[in-house]
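Below is one structure, written out as structure tokens; comments come after it.
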């Protein structure tokens, strides 16, 4: 290796190659002389039995060594190793063999390299005498250089091949310039893509001179390298030159069309150029990529995008510079932020139109079923270019966050009716199929979902996962977090004062002295407003929760979640979607709000029936002619509250709440009245009249009617238990000796008092006065 490096440093040294090879031959002869002397010394040292045997062994050893040395030019390194390995097996491990093997391997290696360098020198002379138009010869030479590079990794050989490639490359680029000039002049002569251009048979023929020149230019480029996106073919760059000139005239000059704030103009321009000229370009040049497995239309678009990409780079650089100058000037920052956000938004949608309208993917190949890679779009080229674009992303995300925060504050959280329910909401066409179960939003919840969906559209087609995840986590998940905190805060404040408000509403001082008492209007209004607030918070959390579940199935968020899991496999062992944490937390908040609604009605019923429970006597001797006055508050206020709830909630959720309400007031009747008083027959009649009155007055509000849709509380166990208890109190045969006739009592009624235990029956029997 040292010999090669010392004697061959440039291709010019190849001229001395014969003298260098002669030196190597002399080296070989010198090795033979050294071998003879070493053989003699080594063999003399061996303890041989006789001089004759010794002489014979030396002669054999010498002959075999001479055979190896005489065939050096026929052996490669492996052959040398094998030969000396055989010698060791026969004569043992002699020092002379190790020394000779090293010298022999060195000579073999040097001769091999010298021959390769001589071959490289001959290639150089061939290139110098090559015809510029002989592409096939250039291609063969390039293949031959590649073969030499594969045969030896010697530094001298690799350097020689590298120099050869540069020489060949110069010839290729010389051929390129000639072909480009020829094609360009031919196109100009035909007024190519100008208003005066006419499609002639001269152009559209597959064997036209222009077609052949363009194809030749493709073949020349292939000698160096077939371009991969974002690089383009030299031929398409020449073919599209008239469009590039017009593009620069409109968008890289002082023309009115060149506006930073209007990137959509340059995108529209390119789309129009494609739509107008792509058919004729394909008609003339559609076969130039034959044999290269490239889609013609895609290569044309790739070439067109080069000028668009450079323009976008320029716009982003300008915006970054302007934003970096602005420290405290927030209005100006916002202005440039809007320009940047608009640029990204328009770029993303231009990319999407290329995908949809032209099926563009620069990585698609004719012979392959699937593209070799995923095209990230021009937006990907811009955002992944350099550290400058990382800064552009930060500027973009900062502006999007600022804009989203402003919208959140101004249009969602701080509006006057933020948590009032939008009763006019009709939902989507799909949700309209079942309007009774439609989740009505509050105004803030509706605006939140609208904002969230709008933000999703800002990154949906970005196709750069790391930036999409930044957008989602920094902006979208953040507004969900703030909104949830606001709901929890309002619920906590409201919940703390709700019970006391209900108690104050039903205090005796709040009732008139009339037989059918009426609730004080102010207290009643405040109580209704409390429920309205609860319903608004419920609808807000429920509407967001419903959309969270829908978003979890949205393809964009499914893909982002899968990407996130691959990045952090150990961090997401229980979650199934990107929104699971929020689904759980919004669900927990919704449960708490529902609990407050249940508590609202429990407290309201308890307070409304307090006077009824405490002051009504059931051992009366007179026959009742009307309902007890003390139950009036309950039937006056409950319908209003229930009507509000009914129009606010989906039917199924409202039904669940009414089931609880029926259970609540029936519990009071059973535990505080029926099992806590003595009843005369007239008292039982009064109780029956009062209970039936409540049931009748509230039957539609509380589903105490048969309903074909299945929503009915007539089978509520607490309700039936009160009905059975009143039946038992009314049963004249119940005053038999205690427990004696419980089985017969059960058989005396169709319902068999099946919701009352034997213990409860005995207790009720004792409460009937003689």
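Residue numbers (the UniProt record's numbering): 1 to 770. Beta carbons are placed, not taken as given, at the ideal position from N, Cα and C, and that holds for glycine. Quick caveat, the model's predicted, so the values are computed rather than measured.
{"Item": "Stretch-stretch touch, CB-based, cutoff 8 Å, three pairs: the segment 438-450 with the segment 417-428", "Value": "yes"}
{"Item": "Length at least 3, wholly inside the segment 414-469: the beta strand (DSSP E) runs in chain order", "Value": "none"}
{"Item": "Reference residue 246; option with closest CA among 261, 194, 233", "Value": "194"}
{"Item": "Beta-carbon gap between residue 378 and residue 309 smaller than 8 Å", "Value": "yes"}
{"Item": "Outcome for residue 775 when other beta-carbon atoms lying within 10 angstroms are tallied against a minimum of 16", "Value": "Lying before the first or after the last residue shown, residue 775 is absent from the chain, which here runs from 1 to 770."}
{"Item": "Assumed close pair residue 323, residue 300 - CB separation to whole angstroms, cut-off 8 Å", "Value": "With 8 Å as the limit, residue 323 and residue 300 do not qualify as a contact, their Cβ atoms being about 35 Å apart."}
{"Item": "Cβ shell of residue 235 (< 8 Å), same chain only, five flanking positions each side left out", "Value": "183, 214, 215, 217, 218, 221, 285, 288"}
{"Item": "Whole alpha helix (DSSP H) elements within the segment 153-230, 4-residue minimum", "Value": "155-189, 201-204, 209-224"}
{"Item": "Whole-angstrom C-beta distance between residue 749 and residue 727, which should lie under 8 Å", "Value": "6 Å"}
{"Item": "One or two residues paired with residue 679 in a DSSP bridge", "Value": "768"}
{"Item": "Simplified DSSP state of residue 598, which is helix, strand or coil", "Value": "helix"}
{"Item": "Distance between residue 643 and residue 509 (C-alpha atoms, nearest Å)", "Value": "Its pLDDT being 49, under 50, residue 509 is placed unreliably by the model, and the measurement read from it follows with that caveat. Distance between the alpha carbons of residue 509 and residue 643 is about 26 Å."}
{"Item": "Supposed close pair residue 455, residue 404 - CB separation, criterion 8 Å", "Value": "6 Å"}
{"Item": "Segment contact, 8 Å Cβ cut-off, at least three pairs: the segment 602-619 with the segment 582-590", "Value": "no"}
{"Item": "Three-way DSSP call (helix, strand, coil) for residue 288 in this model", "Value": "coil"}
{"Item": "Residue nearest to residue 103 in terms of C-alpha spacing, selected from 65, 140, 496", "Value": "65"}
{"Item": "Coil, strand or helix - residue 106 by DSSP", "Value": "helix"}
{"Item": "Span of the alpha helix (DSSP H) around residue 328", "Value": "Taken as a continuous stretch (DSSP letters only), residue 328 belongs to no alpha helix (DSSP H), as it is neither H nor E."}
{"Item": "Straight-line gap, residue 207 to residue 187 (C-alpha atoms, nearest Å)", "Value": "15 Å"}
{"Item": "Anticipated Cβ contact below 8 Å, residue 223 with residue 123, distance rounded", "Value": "About 15 Å; that fails the 8 Å criterion."}
{"Item": "heavy atom of the ligand GDP below 7 Å from residue 653 C-beta", "Value": "Ligands displayed in this structure: none; no statement on the ligand GDP is therefore possible."}
{"Item": "Cβ pair residue 295, residue 341 closer than 8 Å", "Value": "no"}
{"Item": "Per-residue DSSP class, three states only, for residue 393", "Value": "helix"}
{"Item": "Proximity below 8 Å, CB of residue 495 to CB of residue 596", "Value": "yes"}
{"Item": "Residue 372 classed as buried or exposed, judged by whether at least 16 other C-beta atoms fall within 10 angstroms", "Value": "exposed"}
{"Item": "Selection from 417, 616, 623 that minimises the alpha carbon distance to residue 685", "Value": "623"}
{"Item": "Test item: CB-CB of residue 160 and residue 114 under 8 Å", "Value": "no"}
{"Item": "Neighbour-count burial assignment, residue 145, 16 or more Cβ in a 10 Å radius", "Value": "buried"}
{"Item": "Whole-angstrom C-beta distance between residue 237 and residue 303, which should lie under 8 Å", "Value": "6 Å"}
{"Item": "Contact between the segment 646-658 and the segment 626-638 (3+ Cβ pairs under 8 Å)", "Value": "no"}
{"Item": "Helix, strand or coil at residue 582 [DSSP, three-state]", "Value": "helix"}
{"Item": "Euclidean distance between Cα positions of residue 724 and residue 695", "Value": "15 Å"}
{"Item": "Residue of 625, 552, 556, 488 minimising C-alpha distance to residue 464", "Value": "556"}
{"Item": "Three-state class that DSSP yields for residue 295 in the structure shown", "Value": "coil"}
{"Item": "Residue 130 beta carbon less than 8 Å from that of residue 165", "Value": "no"}
{"Item": "Residue 368 to residue 293 span [Cα, whole Å]", "Value": "9 Å"}
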